[in-house]
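Q:
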Amino acid sequence: MNRVTQKCLVSYSWRMRWDSLFDDLEAQLAEQSRAQLRDEIAENVRAERATAELLPTLMRFHGRELCLRLTGGTELRAQLGPCAADYICLETEQAQWVVRSAAVESFSLPQGRVTAAGQRAPGSAVKFSTVLRGMLRDRARCHVFSRAGGSLAEGTLTQVARDFLVILVHPRDEFARAKQASSQLLIPLDAIGWVEAVNLS
Numbered sequence: 632m633n634r635v636t637q638k639c640l641v642s643y644s645w646r647m648r649w650d651s652l653f654d655d656l657e658a659q660l661a662e663q664s665r666a667q668l669r670d671e672i673a674e675n676v677r678a679e680r681a682t683a684e685l686l687p688t689l690m691r692f693h694g695r696e697l698c699l700r701l702t703g704g705t706e707l708r709a710q711l712g713p714c715a716a717d718y719i720c721l722e723t724e725q726a727q728w729v730v731r732s733a734a735v736e737s738f739s740l741p742q743g744r745v746t747a748a749g750q751r752a753p754g755s756a757v758k759f760s761t762v763l764r765g766m767l768r769d770r771a772r773c774h775v776f777s778r779a780g781g782s783l784a785e786g787t788l789t790q791v792a793r794d795f796l797v798i799l800v801h802p803r804d805e806f807a808r809a810k811q812a813s814s815q816l817l818i819p820l821d822a823i824g825w826v827e828a829v830n831l832s
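Here it is in C-alpha cells:
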C-alpha cells in the first residue's frame, strides 16, 4: 500500500472517529437540553400550583356542574355562575344561590381537563350586596342561611342596604302579602352564609 493510500485511510479513519465523537456529544447535549427543559417545566408547574388562588381556579369551571359541601353539612349540586373574591353564584333550573366563600367547606370538581376555550377571566367586581339587590328587584322568594348553615328566614327581600337586609317572612311557596307575613327580620350581611332564591314559575 503506497503512502498516499495510507494517508487517505488515516484521514478517513479520523473523520469517522470525529463524526462518531461529535454525534455522541451532540446526542448528550440534546438529552441534557431535554432534561433541563423537563426540569424547568416541572418547576414552573410546582410554582404555578403553589401560587394558585381559589377564584381563578374556580373560574376555569364556569358553566359546569359542581358539588359543594357547605357549613352545617349542606350539600349543593349546581352549575357554577359568576364568582367574586367573597362569594360564588350557582344555579339549577329551579333555583339560584349566592354563597359566601367562607361558607364553603369543599368543592367536588368535575372530571376531565378544562380546555383553554372553556376558561374565563377571573372574577366579578359586583359586590355581594348588589347581587342580593338583584334578587330584591326580581321579588324572588328567598331562604337565608347563616354562616354556620342554619336557617335564618324565608320570604321576600324588602330592603338590601350596605351591611344588612330586611326580609318579609312568609312561606316560600307563597307570594309576599303583608297581612300573611309573620314578621320582618333585619339580618346583618356579615351573618349570612348563603341565600337561595327559588323559581316558582
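Numbered by the numbering used here, the letters in the sequence shown go through residues 632 to 832 in order.
Where is the CB? At the ideal position from N, CA and C, for every residue including glycine.
Model, not experiment: these values are computed from the prediction.
1. How would you call Leu817, buried or exposed, if buried means at least 16 neighbouring beta carbons within 10 angstroms?
2. Report the rounded CA-to-CA distance for Arg669 versus Ala716, giving the unit in angstroms.
3. Tell me whether Glu706 is buried or exposed, calling it buried when 16 or more other Cβ atoms sit within 10 Å of its Cβ.
4. How is Gly749 classed by DSSP in three states: helix, strand or coil?
5. Can you give me the start and stop residues for the alpha helix (DSSP H) that Ser732 sits inside?
6. Are three or more beta carbon pairs between the segment 660-668 and the segment 693-712 nearer than 8 Å?
7. Which residues share a DSSP beta bridge with Glu827?
8. Using the rule of at least 16 other Cβ atoms within 10 Å of the residue's Cβ for burial, across every protein chain shown, is Glu827 buried or exposed?
9. Can you pull the DSSP bridge partners for Leu816?
10. Using three-state DSSP, classify Pro713 as helix, strand or coil.
11. Report the three-state DSSP secondary structure of Ser755 (helix, strand or coil).
12. Which residue's Cα is closest to the Cα of Ala771: Ser755, Glu736 and Asn830?
13. Using a Cβ-Cβ cut-off of 6 Å (strictly less than) and excluding sequence neighbours within five positions of Ile719, which residues of its own chain qualify?
14. What number of angstroms, rounded off, separates the C-alpha of Leu701 from the C-alpha of Glu722?
15. What number of angstroms, rounded off, separates the C-alpha of Ala748 from the C-alpha of Ala756?
16. Identify whether Ala784 lies in helix, strand or coil by the three-state DSSP scheme.
17. Looking at Val791: is its Cβ nearer than 8 Å to the Cβ of Ala784?
18. For Leu699, report the span of its beta strand (DSSP E) as first-last.
19. Can you tell me where the beta strand (DSSP E) holding Leu721 begins and where it ends?
20. Would you identify the three-state DSSP class for Leu707, choosing helix, strand or coil?
A: For this structure:
1. exposed
2. 34 Å
3. exposed
4. Only weak support exists for where Gly749 lies, its pLDDT of 47 falling under 50; the coordinates are left without a value.
5. Ser732 -> no alpha helix (DSSP H), and no H or E assigned at all.
6. no
7. Trp728 and His774
8. buried
9. Ile798
10. strand
11. coil
12. Asn830
13. Val730
14. 15 Å
15. Only weak support exists for where Ala748 lies, its pLDDT of 43 falling under 50; the value from the coordinates is given anyway. So the alpha carbons of these two residues sit roughly 22 Å apart.
16. strand
17. no
18. Glu696 to Leu701
19. Tyr718 to Glu722
20. strand
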